[in-house]
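All remarks here apply to the structure that follows.
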């Protein structure tokens with residue numbers, strides 16, 4: 001079995017939002033970056049359009065990013081906030097008149113995360129790191145209005161030898177760490193199958209604090 005490596009990303013900004021069940025007038029956010037959000041960030045850096053994502057395969061014909069296991073260390077939780085929006089004079093679907101549309105949008109203020117991408121495919125991790133250091137498209141934290149405060153990848157040595165557990169839990173000091181795990185106690189519908197058609201599948205995760213499990 002090949003040695004796994006972990007690419008570290010830093011996702012930090014004044015505002016970020018990682019929706020995973022948003023519908024119409026309500027845009028939610030998870031408490032940490034979602035898999036769909038992180039993969040979307042990588043796709044933007046690599047210049048992969050929404051309708052091209054499902055066509056991205058490895059040499060064996062498997063989805064390109066399926067070999068990556070994702071983990072998140074919450075370095076700073078941030079504050080959950082909610083914006084209230086109204087849009088005036090929106091034409092109704094039946095053209096019978098105009099209406100006022102309300103919407104609510106959640107986000108995290110002043111949060112900071114370390115994201116780990118674990119894989120035995122070091123070549124892919126290097127390709128991702130290079131793309132994030134030299135992005136083809138604008139990078140943002142879940143929404144286009146939310147730019148990154150710092151570069152997502154260190155300029156030197158961003159790829160560490162070892163698993164998510166070895167890399168993210170090292171020096172965690174009581175911080176919350178969320179790791180993809182087949183038998184995890186938490187499930188989130190954010191594994192992207194096709195961005196263009198907004199198709200996702202469930203993903204299981206395990207939550208730990210300072211190396212100890214938590215059954216939230």
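Numbering (our numbering), first residue to last: 1 to 216.
C-beta: ideal position from N, C-alpha, C; glycine also.
These numbers were taken from a predicted model, which means no experiment stands behind them.
Looking at the DSSP output, residue 85 sits in a beta bridge with 103. In this structure the stretch 102–115 lies against the stretch 57–73, because at least three pairs of beta carbons, one per stretch, are closer than 8 Å.
At the C-beta level, residue 80 and residue 7 stay beyond 9 Å of one another. Residue burial is scored here from C-beta neighbours: residue 206 has at least 16 other C-beta atoms within 10 angstroms and is therefore classed as buried. Among the bridge pairs identified by DSSP, residue 191 is matched with 201.
In the DSSP assignment, residue 91 is bridged to 98.
In the assembly as shown, residue 182 is an exposed residue. Its beta-carbon has fewer than 16 other beta-carbons within 10 Å. Beta bridge pairing from DSSP links residue 5 with 119 and 161. The beta-carbon separation of residue 44 and residue 139, rounded to 6 Å, stays under the 8 Å limit for a contact. Just so you know, the alpha carbons of residue 82 and residue 3 end up roughly 43 Å apart. Here residue 13 is near residue 146, since their CB atoms are less than 9 Å apart. Under the three-state reduction of DSSP output, residue 51 falls in the helix class. Bridge partners of residue 12 according to DSSP: 112. Sixteen is the threshold: when 16 or more other Cβ atoms of the shown chains lie within 10 Å of the Cβ of residue 169, as they do, the residue is buried. DSSP, read as helix, strand or coil, puts residue 28 in coil.
Secondary structure of residue 66 (DSSP, three-state): helix.
Of 158, 191 and 143, the smallest CA-CA separation from residue 18 is found for 143. Just measuring C-alpha positions, the residue of 53, 160, 123 and 26 sitting nearest residue 36 is 53.
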